[in-house]
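Just so we're aligned: the sequence shown equals residues 155 to 263 in this note's numbering.
Even for Gly, the Cβ is constructed at its ideal location relative to N, Cα and C.
Input: a single structure, listed below in structure tokens.
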Amino acid sequence: MVKVKIKKNNERIYYFEITGHANAAKYGEDIVCSAISVLGQTCIIGLIEVANIDINYRIETGFLTCEIPSNLSATKAREVDIIVNTMYLGMKSVQHSYSEFMEINELEV
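This is the structure in structure tokens:
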């Protein structure tokens with residue numbers, strides 16, 4: 155099962171973590187793992203390349219984390235919100251279709 159952890163502060167996502175494998179199909183053919191992985195990695199690319207912010211992230215097989223700095227300007231924070239919330243909506247959509255293979259845990263900190 156893939157587990158997605160979302161940490162928010164005042165409804166703003168500042169951290170996400172993706173761990174595990176969906177095991178919905180054999181390795182290389184698992185569309186659930188692929189969808190979740192693409193969403194997480196595209197979010198990181200968007201934060202770095204589009205929003206042009208310095209984030210702390212780590213990507214390994216079956217593991218991805220991303221921490222967004224808190225000292226962003228209002229403009230940068232808005233760009234980050236758009237990118238991260240788009241990823242979040244994509245994750246919710248995957249979960250809706252494949253809930254037996256993934257779970258999302260949200261934590262307001």
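Chain-order list of residues whose beta-carbon lies under 6 angstroms from that of residue i (same chain, five-residue window excluded)
i	result
R212	T219
E171	K159 and T219
Rounded straight-line distance, which links the Cα of residue j to that of residue i
i	j	result
L226	N164	15 angstroms
N177	A228	40 angstroms
E233	I258	23 angstroms
C197	E183	22 angstroms
V263	Y169	10 angstroms
D208	K161	18 angstroms
Same chain, Cβ closer than 8 angstroms to residue i, five either side skipped, listed in chain order
i	result
L193	M241, G244, M245 and V248
G216	T173, G174 and H175
N239	I167
Residue i classed as buried or exposed, judged by whether at least 16 other C-beta atoms fall within 10 angstroms
i	result
M155	exposed
I222	buried
I199	exposed
Reference residue i, options the options, closest by Cα
i	options	result
K230	E254, K162, I202 and N210	I202
I190	T173, N210 and K180	T173
V204	K180, Y169, S253 and I236	I236
C187	I160, M256 and N206	M256
One or two residues paired with residue i in a DSSP bridge
i	result
I213	L218
R232	DSSP lists no partner for R232.
N163	R166
V158	I172 and I258
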